[in-house]
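A short write-up of the structure that comes next.
Numbering (my numbering), first residue to last: 22 to 233.
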């Protein structure tokens with residue numbers, strides 16, 4: 022199977038919303054995703070798509086070289102955009118020096134495969150590409166698995182947000198990481214190791230957000 026990390030597009034919303042509804046209460050509305058993709062100037066939404074090599078090769082054969090060149094110049098890949106099963110998604114807001122991970126989730130059927138780490142690493146890389154000074158996120162105080170992953174990438178607890186989650190009033194840890202030289206070096210090593218394990222394509226982290 023082939024994995025691609027890429028910017029979220031409007032055709033992805035149906036699959037993304039289904040994952041959201043299975044993971045969070047209350048979930049985001051579909052209109053919220055449309056706004057994040059089309060209108061928000063601070064938002065960088067991402068999906069991780071999973072596709073069989075046979076389908077990928079067939080789609081690539083259907084594209085002539087001029088179309089491929091056009092897609093490359095636009096920073097997109099027509100053979101993947103809008104296609105493939107979405108196994109996870111995330112959102113990053115860039116506000117001045119702060120990069121804020123607004124959401125991150127993996128489809129329940131695909132948990133335990135390391136896909137959440139790919140999404141986190143992608144947004145970490147995007148924060149670097151956007152010249153952020155630090156990254157912020159919130160996580161349930163009971164979610165020890167997620168906290169362990171975040172700590173692996175250098176996040177630490179900054180504060181506690183009381184009654185943060187509306188469905189059960191659970192508290193959240195405010196976790197942050199400063200993007201200093203040491204953190205950047207550690208991330209580079211972690212990202213390379215992740216690429217070796219999963220061999221995913223990343224057309225999100227180091228490319229400008231597509232417009233229009």
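Glycine included, each C-beta is placed from N, C-alpha and C at the ideal position.
Keep in mind the model is a prediction, meaning the values are calculated, not measured.
- Distance from residue 28 to residue 67 at the Cβ level is roughly 6 Å; contact confirmed, criterion being Cβ atoms closer than 8 Å.
- Counting along the chain, residue 196 sits inside no alpha helix (DSSP H); it lies in the beta strand (DSSP E) bounded by residues 193-199.
- Residue 123 and residue 105 have their C-alpha atoms some 24 Å from each other.
- Scanning the region 157-226 for uninterrupted alpha helix (DSSP H) segments of 4 residues or longer gives 165-173 and 202-219, listed from N- to C-terminal end.
- If you look at residue 150, you'll find it in the alpha helix (DSSP H) that goes 136-150.
- Sequence-distant partners of residue 179 (beyond 5 residues in either direction) whose C-beta falls short of 7 Å from its own C-beta, in its chain, are 195, 196 and 197.
- Between the region 162-169 and the region 205-222, the count of Cβ pairs shorter than 8 Å is below three; the stretches do not touch.
- Sequence-distant partners of residue 159 (beyond 5 residues in either direction) whose C-beta falls short of 8 Å from its own C-beta, in its chain, are 182, 185, 193, 194, 195 and 196.
- Residue 63 places its beta carbon 8 Å or farther from that of residue 31.
- Spanning the alpha carbons of residue 225 and residue 52 requires a straight line of approximately 22 Å.
- Taking a 10 Å sphere around the C-beta of residue 202, we find fewer than 16 other C-beta atoms and assign the residue as exposed.
- Residue 143 and residue 38 have their C-alpha atoms spaced approximately 20 Å apart.
- Taking all protein chains in view, the Cβ of residue 133 is surrounded by fewer than 16 other Cβ atoms within 10 Å, so the residue is classified as exposed.
- When C-alpha distances from residue 110 are compared across 231, 42 and 200, the shortest belongs to 42.
- Assigned with DSSP and collapsed to three states, residue 125 falls in strand.
- Using a Cβ distance threshold of 8 Å, residue 140 and residue 125 count as a contacting pair.
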